[in-house]
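S.K.: All residue numbers for the sequence shown refer to the numbering used here, where the first residue is 62 and numbers rise by one. Below is a structure I'd like to ask you about.
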Amino acid sequence: MKLVKVILRPEKTFELKDVLYGLGYHGITAKQTTGFGEQKKTIKQVYRGRVYEQRVDSVKREELEFVVPDDKIEKVIETIRNVAKTQEGGDGRVYVIPLEDSIHIHSGDKHLGNPSEKELESDEIH
């Protein structure tokens with residue numbers, strides 16, 4: 062099982078969540094974040110009739126996390142890249158992290174990471 066963490070442009074978040082949901086990945090954690098990468102730009106702002114330039118070195122991004130079974134990881138990465146890329150730098154990153162276990166707090170059931178498999182109930186684990 063792998064934990065997939067995706068950092069992407071906010072405008073791509075809903076499209077990617079829809080595609081992942083369609084593939085059976087429903088347990089997705091999403092949060093807003095700010096990144097400090099290689100992109101540096103200057104924006105012009107007008108305040109009281111004067112133009113000011115301000116350097117911006119942070120960008121708003123979204124972060125998605127979800128669990129994927131080992132045998133499906135390459136397909137999921139390919140899907141993420143196809144949906145999230147814009148042909149420009151700064152599209153984001155995909156992190157794949159080994160995951161030992163995922164256990165529901167309420168029931169104690171283990172999550173297998175595969176949307177098509179039944180989860181193991183806590184009494185089956187012991």
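Even glycine gets a Cβ: it sits at the ideal position worked out from N, Cα and C. All values derive from a computational prediction rather than experimental measurement.
Pull the bridge partners of A91 from the DSSP assignment, please.
M.R.: Residue numbering aside, residue 91 sits at position 30 when the sequence shown is read from its first letter. Answer is L125, bridged to A91.
S.K.: At which residues does the beta strand (DSSP E) containing T103 begin and terminate?
M.R.: Taking the first residue of the sequence shown as 1, we reach residue 103 at position 42. K102 to Y108 is the span of the beta strand (DSSP E), which, as asked, contains T103.
S.K.: Return the residue from the list K133, L81 and G96 that minimises the CA-CA distance to D118.
M.R.: Reading the sequence shown from its first residue, position 57 is the one you call residue 118. Answer by Cα proximity: G96.
S.K.: Does the separation of the CB atoms of T90 and E126 fall below 8 Å?
M.R.: Within the sequence shown, residue 90 is the residue found at index 29, counting from 1. Within the sequence shown, residue 126 is the residue found at index 65, counting from 1. The answer is yes: Cβ separation under 8 Å.
S.K.: Between which two residues does the beta strand (DSSP E) containing D154 stretch?
M.R.: Here residue 154 is taken as the residue at index 93 of the sequence shown, counted from 1. Correcting the residue identity first, residue 154 is Arg in this sequence and not Asp. Where R154 is concerned, the enclosing beta strand (DSSP E) stretches over G153 to P159.
S.K.: According to the neighbour-count rule (16 or more other Cβ atoms, all chains shown, within 10 Å of its Cβ), is V112 buried or exposed?
M.R.: Locating residue 112 in the sequence shown gives position 51, counting from the first residue. Its Cβ having fewer than 16 others within 10 Å, V112 is exposed.
S.K.: Is E139 buried or exposed, if buried means 16 or more other CB atoms sit within 10 Å of its CB?
M.R.: Here the question's residue 139 lines up with position 78 in the sequence shown. E139 comes out exposed.
S.K.: CB-CB under 8 Å to E185, same chain, minus the five flanking residues each way: which ones, in chain order?
M.R.: On the sequence shown, position 124 is the one that residue 185 refers to. Note on E185: pLDDT 49, under 50, position unreliable in the model; the coordinate value appears next. Contacts found: none.
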